[in-house]
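**Q** Quick one: the structure is below, and I'll ask about it shortly.
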Amino acid sequence: MAEAWFEKRERGSPWGLRVARVLALRLGRRTTRILLWPITAYFFWTLPEGRAGLRCYYEALDGRRPTRARVFRHYLTFARTILDRVYLLAQHHDAPPYEIRGFEAVASYLDQGQGVILLGAHLGSFEAARAAAFSHPALKIQVIMHTGVSRQLNETLTVLHPEARDSIVPLGGPASLLRVREFLAHGGLVGLMGDRTITGEATYPADFLGPTAHFPLGPLRLAAVLRAPVFFFTALYRASADGACRYELVFEFLCGPAPDAKARDEWMRQLGARYAQTLGAFCRVAPDNWFNFYDFWQVPDNDPSRPGAGRDPDYGGGPRGQSSMDGADATEGHSAHGES
Amino acid sequence: MNSRQTDFEREIAQLLVSSLNLALDADSIDPETPLFREGLGLDSIDMLEIALAISQHYGIQLRSDDPDNAVIFASLRSLAAAIGARRT
Chain P
349 MAEAWFEKRE RGSPWGLRVA RVLALRLGRR TTRILLWPIT AYFFWTLPEG
399 RAGLRCYYEA LDGRRPTRAR VFRHYLTFAR TILDRVYLLA QHHDAPPYEI
449 RGFEAVASYL DQGQGVILLG AHLGSFEAAR AAAFSHPALK IQVIMHTGVS
499 RQLNETLTVL HPEARDSIVP LGGPASLLRV REFLAHGGLV GLMGDRTITG
549 EATYPADFLG PTAHFPLGPL RLAAVLRAPV FFFTALYRAS ADGACRYELV
599 FEFLCGPAPD AKARDEWMRQ LGARYAQTLG AFCRVAPDNW FNFYDFWQVP
649 DNDPSRPGAG RDPDYGGGPR GQSSMDGADA TEGHSAHGES
Chain E
-8 MNSRQTDFER EIAQLLVSSL NLALDADSID PETPLFREGL GLDSIDMLEI
42 ALAISQHYGI QLRSDDPDNA VIFASLRSLA AAIGARRT
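Residue numbers (this note's numbering), protein chains in the order written: chain P, 349 to 688; chain E, -8 to 79.
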């Protein structure tokens, strides 16, 4: 199933994660990164579905099957970005450096008191940006997310920096979206993910690295209702040949604030197409930053027979499935290993 | 149980239809039908849209920390009652 990430249990126990956190800080980044090789090898061998998912990705990207080594390095990059979250959140001296590109355009909105929506993806490390905000207050992002997913990992990490918890808006009912709206009205930055779908959720098709993929409609609808400008955002992990690495926080304009309800479908169509195109472009820049370890191009089995208000079935909503914005109620106790 | 719309409920129903761009006749919305999920099939993003439209039209701020939110947004009737009570 395409949505398997959502139902999957998070790998690793809370105890193991806690030990990992303490070890990572005691041993330092250089040593812990060496330990990542056997750990990655373990997950590489025990998670064949993840390998299959990455093969789909590389086939779309390069038009040919990736080598086993390439897929392994991809797993390793994922492990490294998770490890870096420890140092970034703890504001440890081993935390890798980051640079920021394209923020001027975002800042010009914020300076006028206009909040901005950052439409991200499971590409790179959104976490690097949250951590960057500790020393760069203008970068403070409220992230809307399913807290049921990767809850273990997030709880282990928020111990390092309790303030990080405050910057997550959990999905779950109407109140959380009103909170997002209030935050935007005060000129805040709101981040949401636009790539993963959950079972039964309404989607839109878009060209992504060539073939057509199905993206969740909820984030676009939410952006439309919030009437704030939308930027693509990613924090790419970039390593150079000498082993040094850094994070590149990239902001790229996608669309201005949504128009009235009547012209909104067209606006969402544009936003969806631009988002998929921009996401694809950054996949080509940093291929191993793609952290959706499943067949992303699989057609989701959303149920079109749900009762609805009979609007444009593609964009207006109408008979649509459950929205990913409706909360994580169903996900209590389940988590994905692929959360970045 | 009365499932006919009052004048004020009709006014709110029209606001729902126009702000959400629903392909529905405002008169046909049963005031007792749940707005969300199995009822009219609206979701929390629609709810946000409704909250914004209400604050624009009636100057009522529906707040995220209101403990009555679940009750307020249960049906057209409860929504109209909540707006009426706050409008005064």
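Note that the Cβ used here is the ideal one computed from N, Cα and C, for glycine as well. Keep in mind the model is a prediction, meaning the values are calculated, not measured.
Along chain E, which residues have their Cβ under 7 Å away from the Cβ of Glu566(P)?
**A** Taking the first sequence and counting its residues from 1, one reaches residue 566(P) at position 218. A small correction: the amino acid at residue 566(P) is Gly; Glu does not occupy that position in the sequence shown. Those are Ile36, listed as they occur along chain E.
**Q** Compute the Euclidean distance between the alpha carbons of Phe474(P) and Arg68(E), then round it to the nearest angstrom.
**A** Here residue 474(P) is taken as the residue at index 126 of the first sequence, counted from 1. Here residue 68(E) is taken as the residue at index 77 of the second sequence, counted from 1. Going from the Cα of Phe474(P) to the Cα of Arg68(E) covers about 42 Å.
**Q** Helix, strand or coil for Gly681(P) per DSSP?
**A** Counting from one through the first sequence, the residue named residue 681(P) turns up at place 333. For Gly681(P), the predicted model reports a pLDDT of 32, less than 50, meaning its position is unreliable; a value from the coordinates is still stated below. In this structure, Gly681(P) counts as coil in the three-state DSSP scheme.
**Q** With respect to the alpha helix (DSSP H) encompassing Ile448(P), which residues constitute its N-terminal and C-terminal limits?
**A** The count along the first sequence starts at 1 and reaches residue 448(P) at position 100. Taken as a continuous stretch (DSSP letters only), Ile448(P) belongs to no alpha helix (DSSP H), being part of the beta strand (DSSP E) at 446 to 449.
**Q** Please name the residues in the region 56 to 77 of chain E whose beta-carbon is closer than 8 Å to at least one beta-carbon of chain B, in chain order.
**A** Absent here is chain B; the protein component of the structure consists of chains P and E.
**Q** Quick check on DSSP: helix, strand or coil for Pro652(P)?
**A** The residue given as residue 652(P) occupies position 304 in the first sequence. No answer about Pro652(P) holds up, because its pLDDT of 49 lies below 50 and its placement is not dependable.
**Q** How about the region 539 to 556 of chain P and the region 594 to 602 of chain P: do they share at least three Cβ pairs that are nearer than 8 Å?
**A** No, the region 539 to 556 of chain P does not touch the region 594 to 602 of chain P.
**Q** Compute the Euclidean distance between the alpha carbons of Arg1(E) and Ser35(E), then round it to the nearest angstrom.
**A** The residue given as residue 1(E) occupies position 10 in the second sequence. The residue given as residue 35(E) occupies position 44 in the second sequence. So the two alpha carbons sit approximately 22 Å from each other.
**Q** Does the structure place the region 444 to 452 of chain P close enough to the region 401 to 408 of chain P that three or more beta carbon pairs sit under 8 Å?
**A** Output reads no: the region 444 to 452 of chain P does not touch the region 401 to 408 of chain P.
**Q** Could you give the distance in angstroms between the alpha-carbon of Ala71(E) and the alpha-carbon of Phe(-1)(E)?
**A** The residue given as residue 71(E) occupies position 80 in the second sequence. The residue given as residue -1(E) occupies position 8 in the second sequence. About 7 Å.
**Q** Gly536(P) by DSSP, collapsed to three states: which one?
**A** Within the first sequence, the letter at position 188 stands for residue 536(P). In the structure shown, Gly536(P) sits in coil (DSSP, three-state: anything other than H, G, I, E or B).
**Q** Excluding the 5 residues flanking Trp338(P) on each side, which residues of the same chain have their C-beta closer than 7 Å to its C-beta?
**A** Past the boundaries of the shown model lies residue 338(P); chain P is included only from 349 to 688, so the question cannot be answered.
**Q** Around the Cβ of Glu29(E), are there at least 16 other Cβ atoms within 10 angstroms (buried) or fewer (exposed)?
**A** Position 38 of the second sequence holds residue 29(E). Exposed, because fewer than 16 other Cβ atoms sit within 10 Å of the Cβ of Glu29(E).
**Q** Nearest-angstrom Cα distance between Arg78(E) and Val62(E)?
**A** By one-based count along the second sequence, residue 78(E) stands at place 87. By one-based count along the second sequence, residue 62(E) stands at place 71. Approximately 17 Å, taken between the alpha carbons.
**Q** What separation, rounded to the nearest whole angstrom, lies between the Cα atoms of Leu33(E) and Phe580(P)?
**A** Within the second sequence, numbered from 1, the residue matching residue 33(E) stands at position 42. Within the first sequence, numbered from 1, the residue matching residue 580(P) stands at position 232. Roughly 27 Å between the two C-alpha positions.
**Q** Helix, strand or coil for Ala572(P)? Go by DSSP, reduced to three states.
**A** The residue labelled residue 572(P) in the question sits at position 224 within the first sequence. Looking at Ala572(P) - three-state DSSP - the assignment turns out to be helix.
**Q** So, is the C-beta of Ala4(E) closer than 8 Å to a C-beta in chain P?
**A** If you number the second sequence from 1, residue 4(E) lands on position 13. Taking Cβ atoms only, chain P never reaches closer than 8 Å to Ala4(E), which makes this a no.
**Q** Does chain E have any CB closer than 8 Å to the CB of Ala533(P)?
**A** The residue you call residue 533(P) lines up with position 185 of the first sequence. Ala533(P) does not count as touching chain E.
**Q** So is Leu375(P) in contact with chain E if we call contact Cβ pairs under 8 Å?
**A** Translated into positions along the first sequence, residue 375(P) becomes position 27. False, the Cβ-Cβ gap to chain E never drops below 8 Å.
**Q** Just the chain P side, please: which residues come within less than 7 Å of Glu40(E) by C-beta, in chain order?
**A** Counted from its first residue, the second sequence places residue 40(E) at position 49. Here the neighbours are Val573.
**Q** Once the 5 residues before and after Asp80(E) are set aside, which same chain residues still bring their CB inside 7 Å of it?
**A** Absent from the structure is residue 80(E), since the part of chain E shown begins at -8 and ends at 79.
**Q** I believe Ala73(E) touches Pro25(E) by the beta-carbon criterion, under 8 Å. Please report the beta-carbon distance rounded to the nearest angstrom.
**A** Here residue 73(E) refers to the residue found at position 82 of the second sequence. Here residue 25(E) refers to the residue found at position 34 of the second sequence. That belief does not hold up - the Cβ atoms of Ala73(E) and Pro25(E) are roughly 15 Å apart, past 8 Å.
**Q** Do you know offhand how far Ala571(P)'s Cα is from Val578(P)'s?
**A** For this step, residue 571(P) is matched to residue 223 along the first sequence. For this step, residue 578(P) is matched to residue 230 along the first sequence. Each residue's Cα considered, the two are about 7 Å apart.
**Q** I'd like to check one pair, Phe644(P) with Ala561(P): are the Cβ atoms closer than 8 Å?
**A** The residue you call residue 561(P) lines up with position 213 of the first sequence. The residue you call residue 644(P) lines up with position 296 of the first sequence. Their beta carbons are under 8 Å apart, which means Ala561(P) touches Phe644(P) by this criterion.
**Q** Is it the case that the Cβ atoms of Asp636(P) and Thr379(P) are separated by a distance below 8 Å?
**A** Residue 636(P) sits at position 288 when you count from the first residue of the first sequence. Residue 379(P) sits at position 31 when you count from the first residue of the first sequence. Cβ atoms of Asp636(P) and Thr379(P): not closer than 8 Å.
**Q** Look up Thr(-3)(E) in the DSSP assignment and say whether it is helix, strand or coil.
**A** As a first step, residue -3(E) must be located in the second sequence, where it is residue number 6. Of the three classes helix, strand and coil, the one that applies to Thr(-3)(E) here is coil, per DSSP.
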